[in-house]
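Novice:
In my numbering, the protein residues as written are 35 to 122.
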């Protein structure tokens with residue numbers, strides 16, 4: 035599992051509930067020892083845009099909201115940035 039670091043904005047109880055629901059729905063347990071942070075930023079919009087790009091490159095994530103929807107016009111340029119995180 036990989037993700038962008040938001041500086042711990044998710045309440046701990048919410049994160050536990052999300053992980054528990056994911057486990058119940060998929061049978062997949064999170065290996066926290068194998069997780070990676072893809073990027074860090076202190077700017078809100080930097081984070082939102084980086085997250086939207088990563089979601090477009092690799093949809094294997096825990097996002098529960100729609101978030102920023104990038105225009106499909108950006109897709110060819112974004113796909114040249116790097117291979118999907120989980121396809122490495």
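All C-beta atoms, glycine included, are put in the ideal place defined by N, C-alpha and C. As the structure is a computational prediction, the values presented were derived from the model and not from experiment.
Is it the case that the Cβ atoms of residue 72 and residue 86 are separated by a distance below 7 angstroms?
Specialist: Result no, Cβ atoms of residue 72 and residue 86 do not sit closer than 7 angstroms.
Novice: In whole angstroms, give me the CA-to-CA distance for residue 80 and residue 74.
Specialist: Going by the C-alpha atoms only, they are around 9 angstroms apart.
Novice: Quick one: give me the first and last residue of the beta strand (DSSP E) that residue 73 is part of.
Specialist: 70-74 is the extent of the beta strand (DSSP E) around residue 73.
Novice: Quick one: give me the first and last residue of the alpha helix (DSSP H) that residue 87 is part of.
Specialist: Segment 78-91, the alpha helix (DSSP H) holding residue 87.
Novice: So residue 91 and residue 64 are supposed to be a Cβ contact under 8 angstroms. How far apart are they, rounded?
Specialist: Incorrect: roughly 20 angstroms between the Cβ atoms, too far for contact.
Novice: Go to residue 112, then tell me how far its alpha helix (DSSP H) extends in each direction, as first and last residue.
Specialist: Per DSSP, residue 112 belongs to the alpha helix (DSSP H) from 109-113.
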